[in-house]
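Here the structure comes first, spelled out in structure tokens, and everything after it is commentary.
Residue numbers (this note's numbering): 6 to 183.
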């Protein structure tokens with residue numbers, strides 16, 4: 006299948022997390038249009054699972070939504086950082102446990118209509134207590150609950166964050182089939 010061809014790129018904003026451009030493109034159907042694209046370095050999201058089947062989630066204030074969301078721990082990749090390294094770092098920083106084992110669960114495009122952000126998903130096992138080290142813009146509390154309860158919250162709509170939904174369902178699928 007044919008791909009789009011970029012004809013022109015105009016930078017609108019270059020921030021510390023995202024980069025916004027307006028691209029003039031020729032689409033695979035031959036038509037020309039302008040598209041806004043948010044570039045993001047990518048992230049890793051983890052489902053930390055204790056030996057007794059409890060998952061650690063974070064209840065985090067998300068300014069963009071104006072509310073508190075129950076989510077899996079996650080964080081942005083640093084420049085040149087591999088997703089596995091980010092996952093290990095972020096799980097320790099956010100919930101205060103060191104990862105013993107990282108099991109890849111694939112990756113997702115977050116919102117492919119306007120961003121290139123890719124999030125790698127991991128199941129984390131073999132957790133060892135460590136020290137939580139939140140950044141100044143992270144306002145969260147850690148909660149633990151049985152994986153089955155977290156999955157039920159996905160189905161009921163109580164967990165409504167896309168990366169968390171995907172990570173929890175992929176974890177359930179992995180555990181059921183391994």
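Note that CB positions come from ideal geometry on N, CA and C, so glycine has one too.
Keep in mind that this is a model prediction, so the values were computed, not measured.
Measure the C-alpha to C-alpha separation of residue 126 and residue 138 and round it to an integer number of angstroms. 21 Å
Any contact of the region 142-158 with the region 65-84, i.e. 3+ C-beta pairs under 8 Å? yes
In this structure, does DSSP put residue 169 in helix, strand or coil? helix
Counterpart residues of residue 123 in DSSP-defined beta bridges: 114
At what residues does the beta strand (DSSP E) containing residue 151 begin and finish? 145-151
CB-CB under 7 Å to residue 112, same chain, minus the five flanking residues each way: which ones, in chain order? 123, 124, 125, 126
Kindly indicate the opening and closing residues of the beta strand (DSSP E) around residue 11. 10-19
Under three-state DSSP, which class holds residue 161? helix
Identify, in the order they occur along the chain, each residue of the same chain with its Cβ nearer than 7 Å to the Cβ of residue 41, setting aside the five sequence neighbours on each side. 25, 27, 119
Considering residue 30, what are the terminal residues of the beta strand (DSSP E) in which it resides? 24-31
What does DSSP give as the partner residues of residue 134 in its beta bridges? 102
According to DSSP, is residue 174 part of a helix, a strand, or is it coil? helix
Would the region 88-100 and the region 160-169 be scored as touching if the rule is three or more Cβ pairs under 8 Å? no
Identify whether residue 95 lies in helix, strand or coil by the three-state DSSP scheme. helix
Distance between residue 100 and residue 84 (C-alpha atoms, nearest Å): 23 Å
Kindly indicate which three-state DSSP category residue 88 falls into: helix, strand or coil? helix
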